[in-house]
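In what follows, a structure is listed as structure tokens, so that the remarks can point back to it.
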Amino acid sequence: MSIITLKEIEKVYNHTSVPVPALKGISLNVEKRDFLAIVGPSGSGKTTLLNIIGGLDQPTQGTVLIDGTDISRMKPDEMIEFRLNHIGFVFQAYNLIPVLTAKENVEFIMLLQNIPKAERDRRSIEILCSVGLEERIHSKPSELSGGQQQRVAVARALASRPSFVLADEPTANLDSASAESLLDIMEQLNRKQAMTFLFSTHDPRVMKRAHRIITLEDGQLVSDKCIDTHAV
Amino acid sequence: MLAGIAWKNIWRNKKRSMVILTAIALGLCGGLFATGIMVGIAESMVNTAIDYNLGHIQIHTKAFKENSLIQNSIPDAEKLIEELHSVVGLKGISGRVKIEGMASSPATNSGVEIIGVNPYAEASVTAIAEKIIDGKYLDSTGKNSVVIGKKLAEKLNLRVRSKLVLGFPGRDGSIIYGAFRITGLFETGSAIFDKSTVFVDENDITRLLGGTPIVHEIALRLVNGKAMPDVLSSLRSKYPQFVIESWKDLAPELKLTAELTNVSMLFFLAIILFGLLFGITNTMLMSVLDRVREFGMVMAIGMKRKRVFAQIFLETVFLSLVGSVIGIILGIIAINITHHTGINLSVFAEGLSLYGISSMLYPTIPLELYYELGILIIFTALGATVYPGLKATRLKPADAIRTYV
Numbered sequence: 011m012s013i014i015t016l017k018e019i020e021k022v023y024n025h026t027s028v029p030v031p032a033l034k035g036i037s038l039n040v041e042k043r044d045f046l047a048i049v050g051p052s053g054s055g056k057t058t059l060l061n062i063i064g065g066l067d068q069p070t071q072g073t074v075l076i077d078g079t080d081i082s083r084m085k086p087d088e089m090i091e092f093r094l095n096h097i098g099f100v101f102q103a104y105n106l107i108p109v110l111t112a113k114e115n116v117e118f119i120m121l122l123q124n125i126p127k128a129e130r131d132r133r134s135i136e137i138l139c140s141v142g143l144e145e146r147i148h149s150k151p152s153e154l155s156g157g158q159q160q161r162v163a164v165a166r167a168l169a170s171r172p173s174f175v176l177a178d179e180p181t182a183n184l185d186s187a188s189a190e191s192l193l194d195i196m197e198q199l200n201r202k203q204a205m206t207f208l209f210s211t212h213d214p215r216v217m218k219r220a221h222r223i224i225t226l227e228d229g230q231l232v233s234d235k236c237i238d239t240h241a242v
Numbered sequence: 118m119l120a121g122i123a124w125k126n127i128w129r130n131k132k133r134s135m136v137i138l139t140a141i142a143l144g145l146c147g148g149l150f151a152t153g154i155m156v157g158i159a160e161s162m163v164n165t166a167i168d169y170n171l172g173h174i175q176i177h178t179k180a181f182k183e184n185s186l187i188q189n190s191i192p193d194a195e196k197l198i199e200e201l202h203s204v205v206g207l208k209g210i211s212g213r214v215k216i217e218g219m220a221s222s223p224a225t226n227s228g229v230e231i232i233g234v235n236p237y238a239e240a241s242v243t244a245i246a247e248k249i250i251d252g253k254y255l256d257s258t259g260k261n262s263v264v265i266g267k268k269l270a271e272k273l274n275l276r277v278r279s280k281l282v283l284g285f286p287g288r289d290g291s292i293i294y295g296a297f298r299i300t301g302l303f304e305t306g307s308a309i310f311d312k313s314t315v316f317v318d319e320n321d322i323t324r325l326l327g328g329t330p331i332v333h334e335i336a337l338r339l340v341n342g343k344a345m346p347d348v349l350s351s352l353r354s355k356y357p358q359f360v361i362e363s364w365k366d367l368a369p370e371l372k373l374t375a376e377l378t379n380v381s382m383l384f385f386l387a388i389i390l391f392g393l394l395f396g397i398t399n400t401m402l403m404s405v406l407d408r409v410r411e412f413g414m415v416m417a418i419g420m421k422r423k424r425v426f427a428q429i430f431l432e433t434v435f436l437s438l439v440g441s442v443i444g445i446i447l448g449i450i451a452i453n454i455t456h457h458t459g460i461n462l463s464v465f466a467e468g469l470s471l472y473g474i475s476s477m478l479y480p481t482i483p484l485e486l487y488y489e490l491g492i493l494i495i496f497t498a499l500g501a502t503v504y505p506g507l508k509a510t511r512l513k514p515a516d517a518i519r520t521y522v
């Protein structure tokens, strides 16, 4: 079964005054272990699509099924709870909490899940080690490089044990070495832990690594290419 | 952990936090000190009345309360006073003869209340003996001695050792005159009392009146004024034939002043906190607006709105509490220092004495006011949370995470 199913998704902004269509009839299935990049020029609807898949926005029409649950008409608080337990987020600007250490940032999401302290400790250290930050566990974001901060963000996204991770332009603020290193880690997590990643990106480095590339233009899905054997 | 994050967050912008902390601390310190002064003034008025005239409890006959005639005295007063010596927590007891009369000097005359006392017993109830500013207190050694207020002496144009004629109604209604020698002048801090009261030895009054000694009023002074309600109810049940009243019954205006002062000062502090509420709200609002992206992120990853609100509430409470604790500590220090040294208001002594306020002021604050203040602070923090909290929880995560401040 697909972990994400989009059926005829339409998104229109200002639909009561001057309608601005952002997505037009998008249908899509994302399978477990996909390493998928959503690409397209600015204004093509990448971010809107990512927001709708991530439950941060609701479609004007159509259905979004995540793990078989229709999230397209969920109430805001139900949606927050759903995001907490099913979706991991990695943002372009890292968005770590500056007053917390790397470990505390990773723990934070587990705190929201009411996971006991001992389990939080164990899991946060384990995940930070898996992204190569065992030496920087107690460092605050201001003491980390951009690449390291983004790795903490990946660790935080994984800490809640989500069904998939949505990464919005994750390499946009990183130099080449950091971007390659981050993609290595994500690819490894995809391969070893079967974690599904969806990227919204302009970055050719990400596109090169993606197993499947979906191209949007003017809110329409214009191509869906599988690059390797893992993809559908 | 939420509390830990909230605590760390208030120190993210140290300058901003320090400005509001200083405002809260100074506001509360100033408010508490002003409250201490006002409560001190109210206490001074009460203490002046208790110390120089009323004592804590007074006993009269019902007839005397209705009509203060000379014959409405307490029967078997000596025996009653003897019994009253067994009251637990009693500091002193004084039987008084009280007669309305006229004090005359060669210059003029003035209506006065003549209080005949046993000088030693009276000294255990009131502090008149300690307030003699010229001459000496009654000592039972000389006949027809009188101590009068400095204000009355000025009015009658008399001084220590001057002669004063006291006229008052006798047992049969005829006017009795007696010449007295002024042995001392007192100044209590209450101009009205000093202008209208004279103290004489009860033996002199008895001799002038003829017949057996009489007592119109028994005044009791307790070691601790807080024991007054218990003593009062016990005396009332034991001696139902008498009118037994506390200073609160005898001077209801003082009771009202004391109670109103506490309430009005609580309002005063509430007004200060209400003003500070806007400052705290502004600080928290700036803090929220600086962290729009962060709030968007936490809501995106799964932090519920009520938890976001709770975090802002905790930050506001911490900010308010830190400022309040500093302000309260500074206030307590200021009040304690001035409570021991006193504040000398002798420049205003003339005016203050008209209201029975001592020119040495000792600021003080009742303990319960601190509890009430604590509750007000929590409500202030809650009030200051509302707008920033709603602002944060109404953010749309999708937009907020792409906001660059």
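Chains as they are written, first to last, in this note's numbering: chain A, 11 to 242; chain B, 118 to 522. Heads up, the beta-carbon is just placed ideally off N, CA and C, and yes, glycines get one too. Quick caveat, the model's predicted, so the values are computed rather than measured.
Can you tell me which residues form a DSSP beta bridge with V348 of chain B? Within the second sequence, the letter at position 231 stands for residue 348 of chain B. V348 of chain B is not bridged to any residue.
Please tell me whether A466 of chain B has its Cβ less than 8 Å away from any Cβ of chain A. Along the second sequence, one-based indexing puts residue 466 of chain B at 349. False, the Cβ-Cβ gap to chain A never drops below 8 Å.
Helix, strand or coil, according to DSSP, for P180 of chain A in the structure here? What you label residue 180 of chain A is simply residue 170 of the first sequence in a count that begins at 1. In the three-state DSSP reduction, P180 of chain A falls in the coil class, being neither helix nor strand.
DSSP-derived helix/strand/coil call for R424 of chain B: The count along the second sequence starts at 1 and reaches residue 424 of chain B at position 307. Judged by DSSP in its simplified three-state form, R424 of chain B adopts helix.
Tell me, which residues are paired with R83 of chain A by DSSP? What you label residue 83 of chain A is simply residue 73 of the first sequence in a count that begins at 1. Answer is none; R83 of chain A lacks a bridge partner.
Roughly how many angstroms separate the alpha carbons of A241 of chain A and L176 of chain A, rounded to a whole number? As a first step, residue 241 of chain A must be located in the first sequence, where it is residue number 231. As a first step, residue 176 of chain A must be located in the first sequence, where it is residue number 166. Here the model assigns A241 of chain A a pLDDT of 42, short of 50, so the residue's position is not dependable, and the following value carries that caveat. Going from the Cα of A241 of chain A to the Cα of L176 of chain A covers about 17 Å.
Helix, strand or coil: which one does DSSP assign to V136 of chain B? The count along the second sequence starts at 1 and reaches residue 136 of chain B at position 19. Residue state, collapsed to three classes: helix.
Is F395 of chain B buried or exposed, if buried means 16 or more other CB atoms sit within 10 Å of its CB? Along the second sequence, one-based indexing puts residue 395 of chain B at 278. Exposed: under 16 other Cβ atoms inside 10 Å.
By alpha-carbon positions, which one of B:A238, B:R276, B:G233, B:A417 ends up nearest to K253 of chain B? In the second sequence, residue 253 of chain B corresponds to position 136, counting from 1. Comparing Cα positions, the closest option is B:R276.
Can you give me the C-alpha to C-alpha distance between T239 of chain A and R201 of chain A, rounded to a whole angstrom? The residue labelled residue 239 of chain A in the question sits at position 229 within the first sequence. The residue labelled residue 201 of chain A in the question sits at position 191 within the first sequence. Only weak support is given to the placement of T239 of chain A: the predicted model assigns it a pLDDT of 47, under 50, and the value that follows is read from those uncertain coordinates. Straight-line spacing of the CA atoms in T239 of chain A and R201 of chain A works out to 12 Å.
Give the straight-line distance between the Cα atoms of Q230 of chain A and L402 of chain B, rounded to the nearest whole angstrom. Here residue 230 of chain A refers to the residue found at position 220 when the first sequence is read from its first residue. Here residue 402 of chain B refers to the residue found at position 285 when the second sequence is read from its first residue. Approximately 40 Å, taken between the alpha carbons.
Since I believe R166 of chain A is in contact with V252 of chain A (beta carbons under 8 Å), could you give me their beta-carbon distance rounded to a whole number of angstroms? Lying outside 11 to 242, the shown extent of chain A, residue 252 of chain A is not represented and no answer is given.
Within 8 Å, strictly: CB atoms of D178 of chain A and S140 of chain A: Translated into positions along the first sequence, residue 178 of chain A becomes position 168. Translated into positions along the first sequence, residue 140 of chain A becomes position 130. In terms of Cβ geometry, D178 of chain A and S140 of chain A do not form a close pair [threshold 8 Å].
N399 of chain B versus D80 of chain A - alpha carbon distance: Working through the second sequence from its first residue, we reach residue 399 of chain B at position 282. Working through the first sequence from its first residue, we reach residue 80 of chain A at position 70. Whole-angstrom Cα-Cα distance: 41 Å.
Apart from the five residues on each side of it in sequence, which residues of its chain come closer than 6 Å, Cβ to Cβ, to D251 of chain B? Position 134 of the second sequence, counted from the first residue, corresponds to residue 251 of chain B. So the qualifying residues of the chain are V277, L302.
8 Å CB neighbourhood of T243 of chain A in its chain, flanking five on each side removed: Nothing can be reported for residue 243 of chain A: it is not among the residues displayed for chain A, which extend from 11 to 242.
Below 8 Å, how does it come out for the segment 165 to 177 of chain B and the segment 338 to 350 of chain B: are there three or more Cβ pairs, yes or no? With contact defined as three or more Cβ pairs closer than 8 Å, the segment 165 to 177 of chain B and the segment 338 to 350 of chain B are in contact.
For F99 of chain A, does the count of other Cβ atoms within 10 angstroms reach 16, so buried, or fall short, so exposed? The count along the first sequence starts at 1 and reaches residue 99 of chain A at position 89. By the beta-carbon neighbour count (other beta carbons within 10 angstroms, threshold 16), F99 of chain A is buried.
Buried or exposed: where does D185 of chain A fall if 16 or more other Cβ atoms within 10 Å of its Cβ makes it buried? The residue labelled residue 185 of chain A in the question sits at position 175 within the first sequence. Here D185 of chain A is exposed. Its C-beta has fewer than 16 other C-beta atoms within 10 Å.
Could you check what DSSP says for T239 of chain A in three-state terms: helix, strand or coil? Locating residue 239 of chain A in the first sequence gives position 229, counting from the first residue. Annotation note: pLDDT 47 at T239 of chain A (below 50); position unreliable, coordinate value reported separately. Three-state DSSP puts T239 of chain A in coil, outside helix and strand.
Contact list for M403 of chain B against chain A, beta-carbon separation under 9 Å: For this step, residue 403 of chain B is matched to residue 286 along the second sequence. Taking a Cβ-Cβ cut-off of 9 Å, M403 of chain B has no neighbours in chain A, whose nearest Cβ is about 16 Å from it.
Do three or more CB pairs link the segment 354 to 372 of chain B to the segment 212 to 229 of chain B at distances below 8 Å? No: the two stretches stay apart, fewer than three of their Cβ pairs being nearer than 8 Å.
With a Cβ-Cβ cutoff of 8 Å, do R213 of chain B and N261 of chain B count as a contact? Position 96 of the second sequence, counted from the start, is the residue given in the question as residue 213 of chain B. Position 144 of the second sequence, counted from the start, is the residue given in the question as residue 261 of chain B. Cβ atoms of R213 of chain B and N261 of chain B: not closer than 8 Å.
Exposed or buried, which one is L373 of chain B when buried takes at least 16 other CB atoms within 10 Å? For the purposes of this step, residue 373 of chain B is taken as the residue at position 256 of the second sequence. Counting Cβ neighbours within 10 Å, L373 of chain B comes out exposed, since fewer than 16 surround it.
Have a look at the DSSP bridge pairing and note the partners of D39 of chain A. Taking the first sequence and counting its residues from 1, the one referred to as residue 39 of chain A is at position 29. Here the sequence assigns Asn to residue 39 of chain A, which means Asp is not the residue at that position. Beta-bridge analysis with DSSP links N39 of chain A to A:T15.
Applying the criterion that 16 or more other CB atoms from any shown protein chain within 10 Å of the CB defines a buried residue, is D289 of chain B buried or exposed? On the second sequence, residue 289 of chain B is found 172 positions in, with the first residue counted as 1. By the neighbour-count rule (16 or more Cβ atoms within 10 Å), D289 of chain B is not buried but exposed.
Within-8 Å CB hit, I90 of chain A to chain D: Of the protein chains in this structure, namely A and B, none is chain D.
What's the C-alpha gap between I474 of chain B and S241 of chain B? In the second sequence, the residue the question calls residue 474 of chain B occupies position 357. In the second sequence, the residue the question calls residue 241 of chain B occupies position 124. Near 22 Å, if we compare the C-alpha coordinates of S241 of chain B and I474 of chain B.
On the DSSP letters alone, give me the boundaries of the beta strand (DSSP E) that K150 of chain A sits inside. Residue mapping note: residue 150 of chain A aligns to position 140 of the first sequence, counting from 1. From DSSP, K150 of chain A is part of no beta strand (DSSP E); its letter is neither H nor E.
Measuring only between beta-carbons, confirm whether N379 of chain B sits less than 8 Å from chain A. Numbered from 1 along the second sequence, position 262 holds the residue referred to as residue 379 of chain B. Chain A has no Cβ within less than 8 Å of the Cβ of N379 of chain B.
Provide the residue span of the beta strand (DSSP E) that contains M219 of chain B, from first to last. Residue numbering aside, residue 219 of chain B sits at position 102 when the second sequence is read from its first letter. Secondary structure note for M219 of chain B: its beta strand (DSSP E) is the uninterrupted segment 207 to 221.
What residue from A:K85, A:Q71, A:G65 has the CA that sits closest to D77 of chain A's CA? As a position in the first sequence, residue 77 of chain A is number 67, starting the count at 1. Of A:K85, A:Q71, A:G65, the residue nearest in Cα terms is A:G65.
Given a limit of 8 Å on CB to CB distance, which residues of the segment 105 to 122 of chain A reach chain B? So the list reads N105, I107, P108, V109, L110, E114, E117, F118, I119, L121, L122, given in the order they occur along the chain.
Quick check on the burial criterion: 16 or more other C-beta atoms within 10 angstroms. Buried or exposed for K267 of chain B? Position 150 of the second sequence, counting from 1, holds the residue named residue 267 of chain B. A residue is called buried once 16 or more other Cβ atoms fall within 10 Å of its Cβ, and K267 of chain B is buried on that count.
What residues in its chain sit with their C-beta under 8 Å from that of W128 of chain B, if we drop five residues either side in the sequence? Numbered from 1 along the second sequence, position 11 holds the residue referred to as residue 128 of chain B. The residues are S134.
Per DSSP, cross-strand counterpart(s) of T206 of chain A: Locating residue 206 of chain A in the first sequence gives position 196, counting from the first residue. Per DSSP, A:F174.
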